[in-house]
Each structure stands twice: as C-alpha cells, then as structure tokens.
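So the structure is just underneath, and the comments pick up after that.
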Amino acid sequence: MTQELLTDTINGLAAIVLLTSFFLVANTRMHQLVRTFTLQSLALGLFAFFVAYYTGAEHIYLVAVLTIIIKAIIIPRFLDYTIEKIQVKKEVEPLVGIPLSLLICTGLAFIGYYIAEPVIANGNIITKNCLAISVAVVLIGFYLMASRRKAMSEVVALLVIENGLFLAAISITYGMPLIVELGIFFDVFVTVLIMGVFVFKINRTFETLDTRFMRRLRD
Amino acid sequence: MMVSSMGVQSLGREMVGMYSQSLFQALIIILLIGAACAAILHKHAKLSRSVACSAVFISASAGAWLAIDVILNGPVQLGVSLATFFGDWTVSLDQIGGYFLLMVCMIMACVAVYSLGYLKEYDGKYDAGLMGGLLCLFFLSLVLVISSNNIIFFLISWELMSVLSFLLVMYEGRKEGVAPAGLLYLIMTHVGTAFITVSFLLMANYTGSYAFSDIAAGWASIPMDVRSVCFVFLLIGFGTKAGMVPVHIWLPAAHPAAPSNISALMSGVMVKMALIMMVRSFFLYLGPVQTWWGLAILLIGSISALVGVLNALKETDIKSTLAYSTVENMGIIFIGLGASLIFDSYGLTAFAALALIATLFHALNHAVFKALLFLGAGSVLHATHTRNMEAMGGLAKRMPYTSAAVLIGLLSMAAIPPLGGFVSEWLLFQSLLLSANIPDILIKIIIPVSIALLALTGALAATMAVRFFGTVFLARPRSERAEDAHESPRSMLIGMGFLAIMCFVLGLASFAILPYIDNVSASVLGVSITSQLVDGIFVSPISSDFSTMAPLLIAVLAIGILGLTWGMVRMYGGKQVVRETDTWDCGTPLGPRNEYTGTAFSSPLVRIFSPIYRSQTEIRTEFTASPYVKKRITYGLRFTDIFEKYFYRPLVRFITAVSKRLAVIQTGSIQAYLAYIFIMLLLLLVIFR
C-alpha cells in the first residue's frame, strides 16, 4: 500500500465516522440507532487498525481489535437486548425535528473545524483532519444527548461522545499507552452496564423511558 | 519586622522548636484520639464524657505550655508540612498566635472540667459521644485556625470551626427554637466565609503565593484599590463571626441556643478568632494601614457596643443577655482596634501599641469573664431548668458559690476595679484620649464621640450587671423552680472558680501581665512600650504625667477602707441588735410577685432609648362584672429590631424575588440541563480556541 493511499484511507475512515454521526441524528428507530452506532464503531476500529499499520505501533493493533469486539459487537448486542427486554417503543422521538437537527449538526461540524484550526495549523501529522472531525463528533454526540427524550438514546449519545474522544486520542497522539486504553475500554464497558441497569430502573419507576418525566424529581 | 525577628531567633530556636513540635503533635493526636474514643464509647455516657473532657484538658495544658513558650521566646515553625497544589500547608505559631492559643487553652481547660458535671444532664436525652467528639474536634479546629500559615489550609480550618460550632449549637436539636437559630448561624457564617475567601484569593492572586508569610512580605504587589476591597471584605467576613453590627443578628440567637459550656466557648473564644485574623490581616498582610480603615472599625465598634448593651438590657433570657453583652464587648474591642489602626496610619506607633495592647488585653478579659458568666448561666440553668430571668430570684442563698463566681464575672464585665475588665477598659480610654495628638480635625471630632459612646456603654453595662445579678440571685424566688434550686456539682464549681480567680489575677497582676502583651503587640507593630507602660506596680499610658493607676494599690486601699469603715462602725455604732420581723406591707402580704422584675428595672432606660428600641407597650385590663373590680391586668412589651426591619427584611425580600426569577432556568428537565452544559461548552471552546 502506498503512503498516499494509506493516508487517504485513514482520512476516509474518519470521514465515515463523521458521516455515521449524521446518520445517528437522522435515525428514527431505536434499532437503527444501534445499527448505525455499530457501523461507526467498526469504522473507528478500522481507523485504529490503519493508524497502527501506518505508525507501526503494535499496541494500537490490540486497541483496534478491542474496539471492534467491545464497541461493535458486545455493546450493540447488549443495547439490543435491553431494548427488547423492556419493550421500549421503537420510535426515537427527537425534541427537535430531524431536518433542523441535521442543519444544526452541520453547524457543529463547522465549529469543530473552527476550534481545531489553531491546533491543525501547528501540527504536521497526517491525521490532522481527524482532530476537527473528532471535535465535531463529540459536539454532535452532545447535541444528540441534549435533544433526545429516551434514556436509551442518551446512552447511545454518550457512546458517540466517547467514540469522538477515542478518535481524537488515536489521531493526535497515535494512541495512548496501552494501559490507559485498556482502562478506557473497561470504563466504557462498565458505564454501559450501569446505564443499562439505570434504564431498567427508570422504566420500572416511571413506566416509560421518557426522561421528561424525571421532572417530577424536582423539589 | 516579623520576618527579621524570626530570622534572628531561628538559630537558637531549633532546639526549642523540637519540643514545641512534639507538644503540638501531642495536642493534635490526643484530641483526635479523644474524639475517636468518645465516639466509640458513646453507649457508656459517663466514660465517654470523662475521656473527651480529659483529652481536652490534657491538650489544653500542652497547648498552654506551647503558647507560653511562644509568647516568651518568639515564633516557631511547627513542622507539620504538606506540599499541595496551593503551596506548602505549614503550621507555625507567631507571638500573637501564641497569645490567642493561650486564651483558647485556658478557657478550654476550665470548660472541660465544668463539662464533666454539666453534661450529666444530657444523659439519656442526647448522645454523649457526639458531644465529646465534637468538643475535641472543635478545639482542634480552633488551634488550626490560629496556626495555619496557608490560605487554603486556613479556609478549611475556618470552615471546620464554623461547621463544628454549628453542630454543637444544634446539639439540643429537638428543643424548640434551636433549629432556626442554628440555620441562621449557618447561613450567616457561610456568607462571612464567602467574603473572606474572595478577599484572601484576591491577595493570593496578586502576590502569587498562598502562604500568609509571603503575602505579608509581598503586599506591595497588590494595587491600592484592591487592598481597600480586601479590607472591606475581610471586615464583613470576620465581622460576621465577631458579631459586628449589622451582621450580628445570628450571635444573640445561636450563642444562647447551644449548651452552656459551648456558649462559653463560642462567646469567649470563637469570636476572638475573628479578632486575631483581623489584627494579622490589617496590620501585617495588607501593607501600610489607611486612616479610613481605622475610622470605619472605630465607628462600627462604637455602634456595636451601644446596640449590644442596649439589647442586653432589654432581654429577660439570661443567656441572650450575655450574648448581647458579647456584641457589646466585641464593639469595645473593635474601638480599640480601630484606634490602633488610626494611630498606626499617622505613624504614632507608640500610641498604636498602647491601643493594641488594650484591645488584646480586653479580648483576654472578655474571654475569661464571658466564659465564666456563660458557665454560671449554665449552672443556674442546671438548677432551675429555665432561662427566663423573671422566673428566678433568691438563688444567692441556694447557690452561694455560683452566685459569687457570677458576681465576680459581672463586676469584671462592668469594669469595676481592681478586676481585669477595669484595667483593659481604662487602658482603652487612655489610648483614645491620646488622640488629641492627631493633627486631623475629622478624627479630633470622631474619637471624642466614640469616647462618649464608650462611656455610655460602660454605664449601661454596669446597669446591666446590676439588673442581671439582682434579678437572678437576689430577693425571693419568683417560681417554684427557683425555690427548689440547688448548688451545682463540684466539677462545675471548680471550672467557674478558676475563671473567677483569673478575673482577679488579670486585674491585680496586670502590671506583670502587660509587658508580655506588649511583647505580643511588638511582634505586630515593631515597637515595645513596656518601659513607658509599667513602672513597678503602676500602670500608665505612655506618659505617666497624663495619668497613672495601680490596680493592686486600689485593691489594698479598697480593702483597707472597707476594714476601717467596719471598724469605725463597730466602735462607734454600738452593739448590733438583730430583730426578725416582717417588712411593713400596708396590710397586704408581700409575695414574690411584688418584687421588682428585670423588665421593670430596665423600663426607664427603655423609655429613654425608645427611638432605638422601637418598643410597643400594651396594657390590657380585664374587668369582672363590676368596672371597679379588676380581674386581671396584662402587660405586653414588644421590641422591634431596627436591623431586622430595615436591613434584613428588605434584603430577604430582594433575594427571594431574584431567586424566583432565576428559578425559571431550573426546569428539572435533563435535556435542558444538558443543553446548558452544551451551550456553555461551545461558548468556551469558541472563545478560548
């Protein structure tokens, strides 16, 4: 593989991660949401794989494999299982309409570039575009979290933010020390488990996953 | 000046520093162990109480030893050092710290002995382990406030002291009125701490260090305006703790609500923590003193003193009276501090030293007599189970030792020679009179006004003392509770007795004590005036031709004249015949209800000062069938607190209105909160990209 093709592949995969974030915003069904998240994680895993190939850092291979196993296989399965188990309604029920959301997310992507610009201007790493993308992904994930009602979508949104951070970590530093990466994987895994439990609890207490009902907890 | 003296003495102090460190560590460890043991043994009330009180007593002795050593030999580093993000958390004791530590330890030791007997009353009602543990930790927090040399460490200790004292106030939480008082205290103390925090962080920001010693050295890098802002904030912050008008309202509510041994500590000692920090901040940390700082403190002090004593006169609750008297005495102390700052700002350091010595000495006297009075009030409370003065009376016969101790405390409070309170107030008057030497006409007008206010306060304080003693201890019992009163257990009497003796010692031996206080003030102002202040047993302010006084001589003369009079009366008056009959009563049997009450005693003054009291009297008469025969006459007297009406009510209304507006953003919806965070994040990212 030539150097140029490799760079293009890495950038292309990063672009897919961004694109899938847009898909996530546009998805209307819960299962679709999880599918798209799987796709994003897969793209992220491959991204890590090619970065590992490009830099020759062996531990990133392990990170890539772990990403695919945990984020593209185990977590989506767990999410699907939860959705089935508590029989959440399939609609996503966004607070903001989807066309408007997409426009806002485009704006967020611009902001991502704007924010990352000073950093990009100084660096000369091949993955420099990826920083802007990762900031955009984090922002979109945050937006997703703020604009959805169901606790399930909040969980997915958090995972998207995490993916964005992961992308930033890999692209800027070419991977953190392995022990840190492992720690993060473990964290994410445990977070999802705990949130799964909470989703069960919320469902049982309020008979719904609509977090708007948690207003009752005020005062 | 402090830095240089530390440098010179540091070499010779190394050996001494070693045992100071051990003493300090022993003090901390004993208190921690005491607190832990008291908490563990909470099921066995008596054991738990003994452990806690002995721990406090032993550490107080260790602390007193350490403090005396520091006062005599100069500052020590106490070693314990912890490197953090905010600089080293060192603990050190300067001379003024030593002085206040001695004060704390002395009162603590007496309170520990007193508590052994006093706390018995709470057995079975409230947890003994809680009280013991909190008492130990409270002592520890006081020591840390005095000795911490780092802003953050200090703020933590300060907050610890506030929270622990709040918990102690809330000890009798099930009693009516305690919870609101505690809440008020908690709110006020946190407002105060907020001001202190802002001010100290400003100072740290400009000097670039969190260590007090660095700030003292680097005050020049703080701009003048910021120094003034810091001064105002510190005055409000520490003033809140010290019971300064108009932020005093919590003090008369919270101090009486606590168990009496704790009231003694709060009124005697805790308010002084504000004083020590004010002295340190205004003289050492904020650079050259500005005249208006002193004037502000002087004016606030004069008003506090008058407001405090006037309110003390109207109260019928014995502990509230004493708490208002604390406001008054802190006002007097502020007058001294203000005068000292004014003199210092004009470069009249010797006069400043005199005023500061008077301030520090009055702080010590107040600590002793106020602790004594609160312990006495606790003893009365212990015997009668009421705080209402009008239900007492005749206790002098039933509780002779308590009444004697309280009488001594009251005399010292009323500044009667030769007790301690007299010497310090006398010195204060002298130093204020020396203001004639200041060239500024404004000050020449203001200081005499505050002298007049101080004189008025003194007279009213004496009235208050007479009213207090007369209503509580003299005449015949006004209620069955007072009738059945009994003397307190020995441990309580020992605790009070020692403080009563201290009242005498501080007065009679003032000529020996003042040079040491001068030593302390010299560490702040750099000028020693011992040679001018004390001459043998005579005490005189700077120039002895101005005026001079010897408490010991006064005592000897007083005793001599008393003895002489007695002798003359015996010699020429003939034999005394004791005849026991009823008082002439116009045919109506006189009962306790005919006695002069506390309210009646202060009634003339309430009339004279009615613009301040805003009192409303209501007399309602109920008739029987015939209009000539009255069934019952009720007398109601209501006071309006002008600070509450014109300062706090509007403030509370304003805050409530603003809060209601702001409550709109608290929707309770997760999405809204996420959106707030999101928008904030975006803004920050875009601004600081």
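Sequence lines, in order, name chains A and B.
Quick note: the first sequence uses our numbering, first residue 1, plus one each step.
Quick note: the second sequence uses our numbering, first residue 1001, plus one each step.
No residue lacks a Cβ here, since even glycine has one placed at the ideal position from N, Cα and C.
Between the CA atoms of B:T1463 and B:L1706 - distance to the nearest angstrom: Given that chain B is displayed from residue 1001 to residue 1689, the structure contains no residue 1706 of chain B and the question cannot be resolved.
Nearest residue (CA-CA) to B:W1426, options B:T1359, B:G1526 and B:A1465: Here residue 1426 of chain B is taken as the residue at index 426 of the second sequence, counted from 1. Closest option to B:W1426, Cα to Cα, is B:T1359.
Within-9 Å CB hit, A:A168 to chain B: As a first step, residue 168 of chain A is located in the first sequence; it is residue number 168 there, counting from the start. It does not; no Cβ of chain B falls within 9 Å.
Nonlocal neighbours in the same chain, by C-beta distance under 6 Å from B:T1597, ignoring five residues either side: Along the second sequence, one-based indexing puts residue 1597 of chain B at 597. Only E1390 meet the Cβ criterion.
Buried or exposed by the 16-neighbour rule on C-beta atoms within 10 Å, applied to B:S1004: Numbered from its first residue, the second sequence carries residue 1004 of chain B at position 4. Here the model assigns B:S1004 a pLDDT of 40, short of 50, so the residue's position is not dependable, and the following value carries that caveat. With fewer than 16 Cβ atoms within 10 Å of its Cβ, B:S1004 is classed as exposed.
Candidates A:V137, A:Y54, A:F185 and A:I74, of which the one nearest A:F110 by Cα: Indexing the first sequence from 1 puts residue 110 of chain A at position 110. Residue A:V137 is the option with its Cα nearest to A:F110.
Distance between beta carbons of B:F1282 and B:W1293, contact taken as under 8 Å: Residue mapping note: residue 1293 of chain B aligns to position 293 of the second sequence, counting from 1. Residue mapping note: residue 1282 of chain B aligns to position 282 of the second sequence, counting from 1. That pair is a contact at about 6 Å.
The alpha helix (DSSP H) enclosing B:K1120, as first and last residue numbers: Start at 1 with the first residue of the second sequence, and residue 1120 of chain B comes out as number 120. Segment: none, B:K1120 is in no alpha helix (DSSP H) and carries neither H nor E.
Cross-chain neighbours of A:A146 in chain B, by beta carbon under 7 Å: Mapped onto the first sequence, residue 146 of chain A falls at position 146. Per Cβ cutoff of 7 Å: Q1671, L1674, A1675 and F1678.
Straight-line gap, B:G1697 to B:W1089 (C-alpha atoms, nearest Å): Absent from the model: residue 1697 of chain B. The displayed extent of chain B is 1001 to 1689, so no value can be given.
Reduced DSSP category for B:T1640 - H, G, I as helix; E, B as strand; rest coil: As a position in the second sequence, residue 1640 of chain B is number 640, starting the count at 1. Reduced to three states, the DSSP call for B:T1640 is coil.
Proximity of B:S1528 and B:L1375 at Cβ, strictly below 9 Å: Position 528 of the second sequence, counted from the first residue, corresponds to residue 1528 of chain B. Position 375 of the second sequence, counted from the first residue, corresponds to residue 1375 of chain B. Taking 9 Å as the Cβ cut-off, B:S1528 and B:L1375 do not qualify as a contacting pair.
C-beta neighbour in chain B for A:I70, strict 9 Å: For the purposes of this step, residue 70 of chain A is identified with residue 70 of the first sequence, where counting begins at 1. By this cut-off, A:I70 is not an interface position.
Residue nearest to B:F1212 in terms of C-alpha spacing, selected from B:L1101, B:R1593, B:I1151 and B:R1579: Taking the first residue of the second sequence as position 1, residue 1212 of chain B is located at position 212. The option with the nearest alpha carbon to B:F1212 is B:I1151.
Short Cβ contact (9 Å threshold) for A:A52 with A:Y61: Here residue 52 of chain A corresponds to residue number 52 of the first sequence, with the count starting at 1. Here residue 61 of chain A corresponds to residue number 61 of the first sequence, with the count starting at 1. Yes, these two residues count as a Cβ contact at 9 Å.
Pairwise C-alpha distance: B:F1654 and B:R1661: As a first step, residue 1661 of chain B must be located in the second sequence, where it is residue number 661. As a first step, residue 1654 of chain B must be located in the second sequence, where it is residue number 654. The alpha-carbon atoms of B:R1661 and B:F1654 are separated by roughly 11 Å.
Where B:Q1430 falls: helix, strand or coil (DSSP): On the second sequence, position 430 is the one that residue 1430 of chain B refers to. In the structure shown, B:Q1430 sits in a helix (DSSP, three-state: H, G or I).
7 Å Cβ cut-off: residues of chain A touching B:L1685: Counting from one through the second sequence, the residue named residue 1685 of chain B turns up at place 685. What B:L1685 touches in chain A: I115.
Exposed unless 16 or more other CB atoms sit within 10 angstroms - verdict on B:Y1118: Working through the second sequence from its first residue, we reach residue 1118 of chain B at position 118. So B:Y1118 counts as buried.
Cutoff 6 Å; reference A:E154; Cβ partners in own chain excluding five residues on either side: The residue you call residue 154 of chain A lines up with position 154 of the first sequence. Contacts found: M145.
Proximity test, Cβ basis, 9 Å: B:R1661 and chain C: Given the protein chain composition of this structure (A and B), no chain C is represented.
Span of the alpha helix (DSSP H), counted from its first residue to its last, around B:Q1671: Looking up residue 1671 of chain B in the second sequence gives position 671. I1670 to I1687 is the extent of the alpha helix (DSSP H) around B:Q1671.
C-alpha gap between B:L1102 and B:V1145, whole angstroms: The sequence position of residue 1102 of chain B within the second sequence is 102, counting from 1. The sequence position of residue 1145 of chain B within the second sequence is 145, counting from 1. Roughly 14 Å between the two C-alpha positions.
Residue burial classification, B:A1220 (beta-carbon count within 10 angstroms, cutoff 16): Counted from its first residue, the second sequence places residue 1220 of chain B at position 220. Flag for B:A1220 reads exposed.
Residue of A:I115, A:P99 and A:A151 minimising C-alpha distance to A:V92: Stepping through the first sequence from its first residue, residue 92 of chain A is reached at position 92. A:V92 has its Cα closest to that of A:A151, out of A:I115, A:P99 and A:A151.
Three CB pairs or more closer than 8 Å across the region 1157–1165 of chain B and the region 1040–1054 of chain B: no
Same chain only: Cβ atoms within 6 Å of B:A1039, ignoring 5 sequence neighbours per side: Translated into the one-based positions of the second sequence, residue 1039 of chain B becomes position 39. Contacts found: G1129 and G1133.
Closest Cα partner of B:F1361 within the set B:L1337, B:F1688 and B:R1467: For the purposes of this step, residue 1361 of chain B is identified with residue 361 of the second sequence, where counting begins at 1. Closest option to B:F1361, Cα to Cα, is B:L1337.
Closer than 9 Å to chain B by CB, A:I179: As a working mapping, residue 179 of chain A is identified with position 179 in the first sequence. Not one chain B Cβ lies under 9 Å of A:I179.
Ranges of the beta strand (DSSP E) found wholly within the region 1024–1079 of chain B, counting only runs of at least 3: none
A:E58 versus A:A14 - alpha carbon distance: For the purposes of this step, residue 58 of chain A is identified with residue 58 of the first sequence, where counting begins at 1. For the purposes of this step, residue 14 of chain A is identified with residue 14 of the first sequence, where counting begins at 1. Their backbone Cα atoms lie some 20 Å apart in a straight line.
Rounded straight-line distance, which links the Cα of B:S1602 to that of B:L1373: Start at 1 with the first residue of the second sequence, and residue 1373 of chain B comes out as number 373. Start at 1 with the first residue of the second sequence, and residue 1602 of chain B comes out as number 602. Taking the straight line joining both Cα atoms gives about 20 Å.
Euclidean distance between Cα positions of B:V1229 and B:S1199: Here residue 1229 of chain B refers to the residue found at position 229 when the second sequence is read from its first residue. Here residue 1199 of chain B refers to the residue found at position 199 when the second sequence is read from its first residue. Their backbone Cα atoms lie some 8 Å apart in a straight line.
Residues that DSSP places opposite A:V94 in a beta bridge: Taking the first sequence and counting its residues from 1, one reaches residue 94 of chain A at position 94. Checking the sequence shown, residue 94 of chain A turns out to be Pro, not Val. For A:P94, which the question treats as bridged, DSSP gives the partners A:R148.
The region 1293–1309 of chain B touching the region 1440–1459 of chain B, judged by at least three CB pairs closer than 8 Å: yes
Alpha-carbon spacing of B:S1479 relative to B:A1396, whole angstroms: As a first step, residue 1479 of chain B is located in the second sequence; it is residue number 479 there, counting from the start. As a first step, residue 1396 of chain B is located in the second sequence; it is residue number 396 there, counting from the start. One C-alpha to the other measures close to 15 Å.
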